[in-house]
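The next block holds one structure in the form of structure tokens; read it before the comments.
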Amino acid sequence: MLRVPAFRRACILYIPGSDERKISKALALANVDTRVLDLEDSVALHRKDDARRNVVNALSATPKSRLETCVRINSIGSGFDKADLSAVLPLKQLDSLLIPKVNSPSDIRAVNEAITAHAANPNVKILASVESATSLIHLKEIIAADTERRLEALVFAAEDYCADLGLIRTPGRLEMLLGRQTVVAHAVANGLQAIDLVCVDFKNQDVLREESKEGRTFGFTGKQAIHPNQVELIQSSFMPSESEIAYATKIVDASKHHASAGAGAFDLDGKVVDAPVVLWAQRILAKASVVY
């Protein structure tokens, strides 16, 4: 049985909370699955209060949308996190929280407790950012700490991860292969989405296209964006094509027919279809919002 997330999250777009103009433009976008209003890395230390106030004012004046409205708070224990949570959890427009630098199970427990106690929207979800070696080796325990089952996605933060491990960034991204594949493996094993790294070369569509194709090949379900001009390509790259949807539908329909006849594996268009292939098809249709 596939775990169906509240939102698709093919692309999540970060918007600096300190920039009112960018917040206004981002909240008007209709082509991105998730808008992440950022209170963390994109906001200077002396602008934290301003950013918090901007986000609260903007969301308070915005009707609830079919698109996801997420806020990235500052990391647990940073000294800013409690004020962030106190400010945004009373907003009914809030759909999710992105928690940066999640290094231990206690980070997830702290956020869950805050949501339970203060959220106006009881269905607020959690996206956890993997940014260090500590986070990577404790992923099993971090995920298990989510007893409320609010955690829906793991987010791979490439720059922080490389800095933490002392990795040298290369155009081929080979230095991050272990980290990225580990995130995908833990996500899949627990029915979570896996969101791939930011393309920092945000003006180069060729690099973005290459990264997006690679990310989907690796098993990521979505990708982070830092500029609106990245959104369209990312969204299309991580969505199934019409031909994939048609073939997946054919597989699932055929599997139902053969299952009723007691067959496990069967022939479809000259190819053997068994349980792993059916699972692939179900995941394609789930991403395309076709429920089976």
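In the UniProt record's numbering, the protein residues as written are 1 to 292.
Glycine included, each C-beta is placed from N, C-alpha and C at the ideal position.
Source: prediction; values computed, not measured.
Between the Cα of Leu39 and the Cα atoms of Lys256, Thr62, Ser75, which residue gives the shortest distance?
Ser75
Select from Leu67, Arg35, Lys250, Ser236 the residue whose C-alpha is nearest the C-alpha of Lys213.
Ser236
Beta-carbon contacts of Arg8 that lie in its chain and below 6 angstroms, excluding the five residues immediately before and after:
Asp33
Does DSSP put Ser125 in a helix, in a strand, or in coil?
Per the sequence shown, the amino acid found at residue 125 is Lys instead of Ser. DSSP places Lys125 within a strand segment (E or B) once states are collapsed to three.
Which of the three DSSP states is assigned to Val291 in this structure?
For Val291, the pLDDT reaches just 40, beneath the cut-off of 50, and the residue's location in the model is therefore unreliable, although a value from the coordinates is still provided. Note: Val291 maps to coil in three-state DSSP.
If the criterion is Cβ atoms closer than 8 angstroms, does the pair Asp274 and Gly264 meet it?
yes
Rounded to whole angstroms, what is the Cα-Cα separation between Lys25 and Asp50?
18 angstroms
For the alpha helix (DSSP H) that Ala144 lies in, which residues bound it at each end?
139 to 144
Determine the DSSP secondary structure at residue 298, reduced to helix, strand or coil.
As shown, the chain starts at 1 and ends at 292. That puts residue 298 outside it, with no answer to give.
Neighbourhood of Ser106 by C-beta, 8 angstroms cutoff - its chain only, sequence neighbours within 5 removed:
Excluding residues within five positions, the ones whose Cβ falls inside 8 angstroms are Ile76, Ala145.
Under the DSSP definition of a beta bridge, which residues are partnered with Thr34?
Ile12, Glu68
Pick from His118, Ala194, Val55: whose alpha carbon is nearest that of Asp19?
Val55
Secondary structure at Ser96, three-state DSSP: helix, strand or coil?
Residue state, collapsed to three classes: strand.
What runs of the alpha helix (DSSP H), each 4 residues or longer, lie entirely inside the segment 163 to 220?
Positions of the alpha helix (DSSP H) runs, each at least 4 residues long and wholly inside the segment 163 to 220, are given as 177 to 189, 205 to 218 in order along the chain.
Measure the Cβ-Cβ separation of Ile115 and Leu151 and say whether it is below 8 angstroms.
No. Outside cutoff.
Okay, do the segment 58 to 78 and the segment 93 to 106 touch, 3+ Cβ pairs below 8 angstroms being the bar?
yes
Does the separation of the CB atoms of residue 301 and His118 fall below 8 angstroms?
Any property of residue 301 remains undetermined from this structure, which presents the chain solely from 1 to 292.
If I measure Cβ to Cβ from Lys223 and keep anything under 7 angstroms in the same chain, skipping five residues before and after, which residues do I get?
Setting aside the 5 residues that flank it on each side, Lys223 is surrounded in the same chain by Cys11, Ile195, Asp196, Ser212, Gly215, Ile234, Phe238, each with a C-beta closer than 7 angstroms to its C-beta; the list follows chain order.
Starting from Gln235, follow the alpha helix (DSSP H) in both directions and report where the run begins and ends.
231 to 237
Please return the same chain residues whose Cβ sits closer than 8 angstroms to the Cβ of Pro63, not counting the five positions on each side in sequence.
Gln93
C-beta atoms of Ala58 and Leu89 nearer than 8 angstroms:
no
Quick one: give me the first and last residue of the alpha helix (DSSP H) that Val252 is part of.
242 to 260
Which residues bound the alpha helix (DSSP H) around Leu85?
81 to 88
Cβ-Cβ distance between Val71 and Leu97 below 8 angstroms:
yes
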